[in-house]
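Chains as they are written, first to last, in full-length UniProt numbering: chain A, 1 to 219; chain B, 1 to 219; chain C, 1 to 219; chain D, 1 to 219. Think of the CB as a built atom: it goes at the ideal place given N, C-alpha and C, for glycine as much as any other residue. Quick caveat, the model's predicted, so the values are computed rather than measured.
Protein chains: 4
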Amino acid sequence: MKETKKDRIIDAAVRLFYTQGFDGTSVRDIASKANVNVALVSYHFGGKKGLYEELMIQFLEGHLTIIKTELEHVKGTVKDQLLSLIKSLLQYQSANHFVARMVHREMTMDSVLVRELMSTYLRKEKHDFEVLIHNGMKKGEFRKQPLDFVLIHLRTMIIMPFQSPHYLSELYQITTTEPYFIERYMKHIKHWIDLWLCKNPQEYSHNTSTTFLLPRSIS
Amino acid sequence: MKETKKDRIIDAAVRLFYTQGFDGTSVRDIASKANVNVALVSYHFGGKKGLYEELMIQFLEGHLTIIKTELEHVKGTVKDQLLSLIKSLLQYQSANHFVARMVHREMTMDSVLVRELMSTYLRKEKHDFEVLIHNGMKKGEFRKQPLDFVLIHLRTMIIMPFQSPHYLSELYQITTTEPYFIERYMKHIKHWIDLWLCKNPQEYSHNTSTTFLLPRSIS
Amino acid sequence: MKETKKDRIIDAAVRLFYTQGFDGTSVRDIASKANVNVALVSYHFGGKKGLYEELMIQFLEGHLTIIKTELEHVKGTVKDQLLSLIKSLLQYQSANHFVARMVHREMTMDSVLVRELMSTYLRKEKHDFEVLIHNGMKKGEFRKQPLDFVLIHLRTMIIMPFQSPHYLSELYQITTTEPYFIERYMKHIKHWIDLWLCKNPQEYSHNTSTTFLLPRSIS
Amino acid sequence: MKETKKDRIIDAAVRLFYTQGFDGTSVRDIASKANVNVALVSYHFGGKKGLYEELMIQFLEGHLTIIKTELEHVKGTVKDQLLSLIKSLLQYQSANHFVARMVHREMTMDSVLVRELMSTYLRKEKHDFEVLIHNGMKKGEFRKQPLDFVLIHLRTMIIMPFQSPHYLSELYQITTTEPYFIERYMKHIKHWIDLWLCKNPQEYSHNTSTTFLLPRSIS
DNA sequence: GATGAATGAGGGTTCATTCAT
DNA sequence: AATGAATGAACCCTCATTCAT
């Protein structure tokens with residue numbers, strides 16, 4: 001059950017890519033952090049780029065798997081399905097938050113790799129969400145409205161905490177990987193769904209335990 | 001009135017950093033794209049890093065200037081102020097969309113520079129928005145509610161189109177730099193403000209000219 | 001038993017530093033003279049500076065080792081010890097005359113490295129000679145006299161032929177690395193010791209086989 | 001009577017060459033230390049090398065001038081002439097100790113320049129000393145003996161304090177530029193001349209005011 | 001599976017100098 | 001006399017990868 005050198009490389013790589021990006025990380029950095037010979041990266045992954053792509057693809061495939069599983073197994077209203085799906089995606093990112101940030105950042109690049117991954121994975125993701133929302137409309141649960149900005153908005157909310165965890169922690173002292181964070185954030189998203197998608201929005205009960213007003217320095 | 005070599009360097013750098021990131025761009029790339037000697041980068045900016053930071057800081061200071069100017073000059077309801085401010089920020093980013101993406105991406109890094117810039121610029125930005133929203137609450141325009149996620153949500157919406165323009169264009173054929181984009185997107189944001197912040201949300205009139213239903217491939 | 005590339009680098013470096021000094025020698029010079037890839041210098045020695053320091057330290061440690069060995073093993077009068085020690089040091093420098101000159105020149109610089117090496121190696125050397133001369137005085141072999149200039153004078157004589165071999169060869173056609181040179185020079189030093197240190201100086205028999213009078217061009 | 005920029009360059013250059021050597025000093029270092037535009041070095045001296053050579057030659061010509069003047073004007077015994085000459089040379093070097101060390105170090109290089117300067121200046125210097133010592137022998141003041149090592153020894157003593165001032169100050173706390181140093185050192189040299197050159201050596205009176213025995217740590 | 005030596009390419013920066021002003 | 005912009009060459013070093021062991 002021991003950790004292989006290959007695993008050690010992956011661990012080290014994830015952490016370094018997460019912090020410094022792809023170009024900012026050298027194979028030597030990875031190897032030395034993994035306490036492993038430099039040549040081993042090329043041996044196991046066919047080079048730095050191969051390692052990187054493997055990490056990206058692993059993450060994105062897990063992502064798609066989550067979506068697929070959710071859509072197949074969850075019953076109930078479309079809204080329930082949607083909420084369950086979002087929560088799963090948040091948990092997935094939280095469990096892999098190093099890779100998550102790495103992927104989200106890389107996706108802002110203009111590389112051949114990104115273009116390929118977008119065509120392959122994000123297009124699928126987009127399609128699944130489209131179908132889901134569309135179902136909600138057909139069943140009368142959701143208000144009819146243009147889909148594009150809704151989908152984009154939804155995705156942005158799902159991704160944001162793991163794309164800019166640094167911003168949240170630095171300016172709001174919010175740790176996005178703590179288990180309680182997801183619950184709090186889910187309330188926020190639920191509120192958005194009620195307001196934006198649903199026909200008869202429930203009243204949103206404010207969680208008064210959190211910051212309600214401005215810090216003293218402002219008032 | 002001619003374009004100096006220093007300007008040419010800036011132009012080239014912005015485009016390359018935008019596409020490939022900081023570590024993915026070499027000074028030789030920049031110099032050759034600017035049709036300029038390599039040494040000139042060090043001469044004018046004290047090195048690649050200096051050039052990069054200068055671009056970041058210029059952008060962020062312009063950003064803050066916009067906010068300050070808006071808050072001082074715009075009259076009317078708080079909602080009007082907020083909408084005007086957001087529109088200005090979108091226009092500013094659109095006018096500098098290369099640098100914008102560059103900055104937004106860099107802000108997801110864990111570097112000393114980022115930490116400094118966050119403390120300096122983003123903290124101020126956060127504070128100004130806090131005051132604005134708080135005013136809206138005091139005057140009874142906005143519903144009272146916890147501020148943190150509202151602020152984060154707001155900022156995410158403002159930044160998103162320029163942080164991931166690639167995603168929008170690739171999957172939705174939306175060009176974020178076209179003038180008409182801002183108007184469309186402003187409607188979206190206005191809707192969010194009405195639903196989320198205001199007490200008596202106006203009815204949101206769907207712009208039926210845009211995609212209403214799913215693409216044919218789905219139905 | 002073959003010569004490794006590392007050795008080849010050392011050989012080339014020694015010769016080049018000797019001729020052109022540290023700053024006057026480039027790693028490319030070294031690598032190409034050693035018929036070796038440039039990167040290998042950094043690989044084996046951690047860079048040009050590392051290589052340089054390794055050479056310096058190796059030489060100085062050998063130097064100290066000579067002194068220690070001599071002082072431990074040589075019997076007889078103090079004068080005998082002194083003469084034997086000096087001869088060994090001359091031979092050591094002669095055997096490593098490239099590095100010797102390199103080191104002696106570097107020691108005239110005002111660098112952090114030099115300050116460290118002086119504190120470490122030359123202080124020890126000075127101390128050993130002090131003890132030796134002091135012993136000679138206690139035993140009545142040497143005349144009592146202030147030590148400072150004596151030590152400096154002695155050291156200068158030992159070092160001079162290898163610090164300025166060029167001067168000797170250019171103006172006096174004296175090759176400091178020929179074996180016969182050391183014997184000739186030892187007579188000179190022996191004379192100085194007799195005159196300066198010893199109580200009853202022996203008569204100094206001039207070696208009439210060497211230049212006695214001025215060259216014809218003068219007379 | 002104001003200091004011209006040209007002078008400022010010379011001052012700065014002397015100090016920097018003295019500390020870091022020729023290759024270790026950049027034109028920018030010099031210009032910035034002199035508070036002067038970089039291009040001015042090329043303008044006034046035709047480049048870095050030109051400046052360097054001018055400094056070397058100025059010093060060596062002053063050196064030769066001293067010798068010439070001394071030999072023409074000083075009367076008395078040959079020994080008196082020699083002592084007066086040596087003292088003048090020490091004072092000259094002391095007055096120009098920055099350049100002195102710079103020149104002495106450069107003279108250990110194997111460059112075309114050095115070869116030329118040796119042929120031109122040091123050969124003359126050697127010749128003048130030869131004549132002087134030879135005169136002393138003819139007049140019966142000095143013992144007849146081979147000249148080569150005597151001349152080399154003499155020159156080494158004259159140069160040493162300014163070639164390795166750092167060694168003296170670091171290990172013996174001797175400041176070679178203090179006025180009193182020359183007087184002390186002259187006694188030492190006088191002693192050597194008495195012992196080595198003269199026929200009836202006077203008794204050497206030890207200056208008991210200086211370190212006589214070993215430091216406590218040794219005894 | 002794992003390693004240390006070795007490499008060619010390219011990294012960013014500094015160099016001394018030139019030139020128009 | 002003096003300058004700031006500009007340059008081509010060279011600087012040292014690190015890069016990802018290969019290969020014999």
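Three-state class that DSSP yields for residue i in the structure shown
i: Phe22(D); result: coil
i: Ile9(B); result: helix
Residues near residue i by beta carbon distance below 7 Å, same chain, minus five either side
i: Thr25(C); result: Leu16, Phe17
i: Lys126(B); result: Leu151
i: Val114(A); result: Glu106, Met107
i: Asn88(A); result: Correcting the residue type first, residue 88(A) is Ser in the shown sequence and not Asn. Contacts found: Ile66, Glu70.
Pairwise C-alpha distance: residue j and residue i
i: Ala95(B); j: Ser164(B); result: 16 Å
i: Arg105(A); j: Gln173(A); result: 21 Å
i: Ile9(C); j: Val38(C); result: 10 Å
i: Ile158(A); j: Asp128(A); result: 15 Å
i: Leu147(B); j: Lys138(B); result: 13 Å
i: Leu83(B); j: Ser119(A); result: 35 Å
i: Phe22(B); j: Tyr52(B); result: 8 Å
i: Asp29(C); j: Asp110(D); result: 16 Å
i: Cys198(C); j: Leu132(C); result: 13 Å
i: Val41(A); j: Ser42(C); result: 22 Å
i: Ala12(B); j: Val112(A); result: 21 Å
i: His191(A); j: Gly140(A); result: 19 Å
i: His63(B); j: Met56(C); result: 56 Å
i: Ile66(C); j: Val27(D); result: 42 Å
i: Asn35(D); j: Thr4(D); result: 12 Å
Contacts around residue i, its chain only, beta-carbon distance under 8 Å, and the 5 residues preceding and following it disregarded
i: Glu61(A); result: Tyr121
Under 8 Å by beta carbon: chain A residues contacting residue i
i: His188(B); result: Phe149, His153
i: Leu195(B); result: Leu195, Trp196
Contact set between residue i and chain B, taken where Cβ atoms lie within less than 9 Å
i: Met56(A); result: Residues of chain B passing the Cβ test: none, with the nearest at roughly 15 Å.
Under 7 Å from the C-beta of residue i: neighbouring residues of chain B
i: Gly24(A); result: Asp23
Chain A contact residues for residue i, given Cβ-Cβ distances below 9 Å
i: Lys126(B); result: Leu171, Tyr172
Cross-chain neighbours of residue i in chain D, by beta carbon under 9 Å
i: Leu122(C); result: Tyr167, Glu170, Leu171
Same chain, Cβ closer than 6 Å to residue i, neighbours up to 5 away in sequence not counted
i: Gly136(C); result: Val78, Phe142
i: His44(B); result: Lys6
i: Ala100(C); result: Gln93, Phe162
i: Leu85(C); result: Glu70
Exercise. Any residues in the stretch 157-170 of chain A with a beta carbon nearer than 8 Å to a beta carbon of chain B? Which ones, in chain order?
Worked result: Met157, Met160, Gln163, Ser164, His166, Tyr167, Leu168, Glu170
Problem set entry | Residues of the stretch 84-112 of chain C whose Cβ lies closer than 9 Å to any Cβ of chain D, in chain order | Arg101, His104, Arg105, Met107, Thr108, Met109, Asp110, Ser111
Problem set entry | Against chain B: residues of the UniProt domain "HTH tetR-type" (3-63) of chain A by CB proximity under 9 Å | Tyr18, Thr19, Gln20, Gly21, Phe22, Asp23, Gly24, Thr25
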